[in-house]
Structure formats: structure tokens, C-alpha cells
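**Student:** Mind looking over this structure? Questions follow.
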Amino acid sequence: MSGQPSERSVTVDRGDSCWRGRFYAMASPCEILCKTEGARQAEDLTELAAAEVWRIEDKFSRYCSDNIVASINSADGAPVAVDTETAHLLDFSTTLFELSEGKFDITSGVLRKVWRFDGGNEIPDPQAVCRVLELVGWQKAKWRDHRLQLEAGMEIDLGGIGKEYAVDRVCTILRNSATVSCLVNLGGDLAVTQRADDRQPWKVGIEGLDSRTELPAKRVNLQVGALATSGDARRFLLRDGKRYSHILDARTGWPIPDAPHSITVAADTCTQAGMLSTLGMLQGKTAEGFLQAQEIRFWCAR
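Counting in my numbering, the sequence shown runs from 859 upward without gaps.
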């Protein structure tokens, strides 16, 4: 979850078969597509969605200086009490840490101090990576009874799970507010609020490796459920013909070797889809076998 423009606003316009609401959050363009005939309802639903996404961004972005994440990251080794929502995300992060055998770790955000995935060719010094890696390790955290204590200098970063969580929260709010089918799309992670008509499913494009083209690598029909994508189409380094993905192994501080360029997963919720796409990427060259074993729909690009 990243910073946002100083001005927050929503726009709504009529498309060929639905209304489209747009806003910006979590460093991504966001949209709410609504199969409704009324502009007012589309505006109301978009405003509800934007308000919830901005709330989550303000609460959990590491770029904010006055939220719970900032309190944890500036505690200098002292324990910090957290609310139920934050505890839920920390519990989910623990699950991902365990399922990935430590490759996914919300304390690994400090590695941004040495890695710059801007499409350039600057690879950090291995000794610099080792020094920062001393501040990584969820296993060193003390987490129980809604109290989190990190070692001095350690930080958490919930950016790896925040967007999918926001999609599911928005879907719940819109589902409770209207019976029309909406597609919630937060920067490519998306879900359907109500089952779409069999004759008019939501048509979703899955992004390919080349982010410079507007043409999707594949189009799928989505009536229910969610899609989430993990990949390095926009964040990578290229050095001596070798591509370095921004998806790091938190145990080593280095990119996962032989990882796919992107994985898109379909699941019941966006959180589930995001978890599986992330775990798939962390498998590297065995990603396809891992995903096939989960008996899910997925699309993998190498």
C-alpha cells in the first residue's frame, strides 16, 4: 500500500453495458463497474467503495506517519497493542509466513533500502543485503493476545496483502448495499459482488508480460469469485541479460530464482486468490506443479 495523490475524488461515467466509477488509491487506478441503470446508484456505490479503500490505505499504509503501522515501526522494541482488524491481518500474515516456509514475511519490507526495482540494472552489494537482512524475520516477533513486539529497528509492511483485503471488504459493503452485480477492480486485483447474468458475464483481461501494450494476454469470463495477479511486469531489474523479479525470498534477501513472470489465480475471494498467486510465485520453477496440486484455475506466464 503506497501513498496517494493529495486530492481524492471519484468520477462516474456510462459505458456500453454498465456504469464505471473511477478513483485512485494504493498507488493504483481503481474502478467499480456496476450493472445498474441509474447513475445515482453507480455514484453511491463508487463513493462507498472509495471511502473504504481510502480508510484501509490510511490505516495500514507504511507511508502514513500516524497510523497503526507507524506506531509498530517506531516502537523501538516496545510492545504495541493492536485492534481486531489489525490482528486479523497479522494472523493472516503469520499463516502466509508458515505456508511459504518463511519466504513471505511482512518484516521484509526493509529490503527496499537496498533494492530498487525500477527497470534499471543496479544490483545491490551482497554485503549490504546481508546487513539489512538482520532486520528481517517474523519468527523473531512476539505476537499474541493482540500485542506485537518487534526487535528494535524491525518494521512491518502489509502491502503484500492489503489490496486483496480491500477488494474483499469493498465487495462485502457493496453486496450489503445493492443487489446489482458489480466488479471491484483495485489495480488488477478484482472480485464480483453478485453473480453476473449467465448471458452477460464480466469480461476480464489478464495482463501479459509486456506492460507497454494495452492488449491483454488472455480474456476470461467471470460470473462469481475473484482474480488476483502476482508478477514482475512493472517492477524488475535487468542486468547482463538476466531479469530480477521484485518478488524477494525473505530468507535470503534476493529475488526468487526461475519465478514465472506472472501468475493469475481464480478463487472464491480476492484474499484467497492473492495468497495462492503469491505462494505460487515463491515456488519458482515448480510454480505450475504447486498450483495444479491446489486444483484451482490459474494462468501462468514465463
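C-beta: ideal position from N, C-alpha, C; glycine also.
#1: May I ask you to report which of helix, strand or coil DSSP gives glutamate 1206?
#2: Among His1119, Thr1127, Asp1126, whose alpha-carbon lies nearest the alpha-carbon of glycine 1138?
#3: Out of curiosity, what's the CA-to-CA distance linking valine 1186 and isoleucine 1031?
#4: Could you check what DSSP says for phenylalanine 881 in three-state terms: helix, strand or coil?
#5: Which value, in whole angstroms, describes the spacing of the CA atoms of glutamine 1007 and proline 984?
#6: Does lysine 1143 come out as helix, strand or coil in the three-state DSSP assignment?
#7: With leucine 1095 as the anchor, note down where its beta strand (DSSP E) starts and where it stops.
#8: Using CA coordinates, which residue listed in Lys917, Asp924, His1104, Ala1084 is at the minimum distance from threonine 944?
#9: Is DSSP giving proline 887 helix, strand or coil here?
#10: Determine which residues share a DSSP beta bridge with lysine 1076 and list them.
#11: Should valine 1025 and alanine 1049 be called a contact, given that it needs their Cβ atoms to be closer than 7 Å?
#12: How about lysine 1076 and aspartate 1047: are their beta carbons less than 7 Å apart?
#13: Count the other CB atoms, across all protein chains shown, that sit within 10 Å of the CB of leucine 969; report buried if there are 16 or more and exposed otherwise.
#14: When the Cα atoms are used, what is the spatial distance from isoleucine 890 to leucine 903?
#15: For the beta strand (DSSP E) holding glutamine 1007, just list the boundary residues, first then last.
#16: Return the Cβ separation of serine 1103 and isoleucine 1019 in integer angstroms, given the expectation that the two are a contact with Cβ distance under 8 Å.
#17: DSSP state of tyrosine 921, grouped into three classes?
#18: Report buried or exposed for alanine 907, applying the criterion of at least 16 other Cβ atoms within 10 angstroms of its Cβ.
#19: Measuring from the CB of aspartate 949, is there a heavy atom of the ligand ADP at a distance below 6 Å?
#20: I'd like to know whether the C-beta atoms of cysteine 892 and alanine 900 end up nearer to each other than 7 Å.
#21: Which of helix, strand or coil does DSSP assign to isoleucine 1121?
#22: Tell me the DSSP secondary structure of cysteine 1029 in three-state form.
#23: Look up leucine 1106 in the DSSP assignment and give the residues it is bridged to.
#24: Please report the Cβ distance between asparagine 979 and leucine 1134, rounded to the nearest whole angstrom; I am assuming they are in contact, meaning their Cβ atoms lie under 8 Å.
#25: Could you check if proline 1115 is buried or exposed, using at least 16 other CB atoms within 10 Å of its CB as the buried criterion?
#26: What is the DSSP secondary structure of proline 937, reduced to helix, strand or coil?
#27: Quick one: Cα of serine 932 to Cα of leucine 991, how far?
#28: Counting only runs of 4+ residues fully inside the segment 961 to 1044, write out the alpha helix (DSSP H) ranges in chain order.
**Tutor:** Judging by the given coordinates:
#1: Since the first and last residues shown for the chain are 859 and 1160, residue 1206 lies out of range.
#2: Among His1119, Thr1127, Asp1126, the Cα nearest to that of glycine 1138 belongs to His1119.
#3: An answer regarding residue 1186 cannot be provided, because it is not within the stretch 859 to 1160 covered by the chain.
#4: The answer is strand: DSSP assigns phenylalanine 881 an E or B state.
#5: Whole-angstrom Cα-Cα distance: 28 Å.
#6: helix
#7: 1094 to 1097
#8: Lys917
#9: strand
#10: Ile1064
#11: yes
#12: no
#13: buried
#14: Linking isoleucine 890 to leucine 903 through their CA atoms gives a straight-line distance of about 8 Å.
#15: 1005 to 1007
#16: Not really, about 18 Å apart at Cβ, beyond 8 Å.
#17: coil
#18: buried
#19: As presented, the structure is devoid of all ligands, the ligand ADP included, so that no description of it is given.
#20: yes
#21: strand
#22: helix
#23: Pro1113
#24: In fact, because the Cβ distance is near 32 Å, the residues do not count as touching under 8 Å.
#25: exposed
#26: coil
#27: 18 Å
#28: 984 to 991, 1017 to 1035
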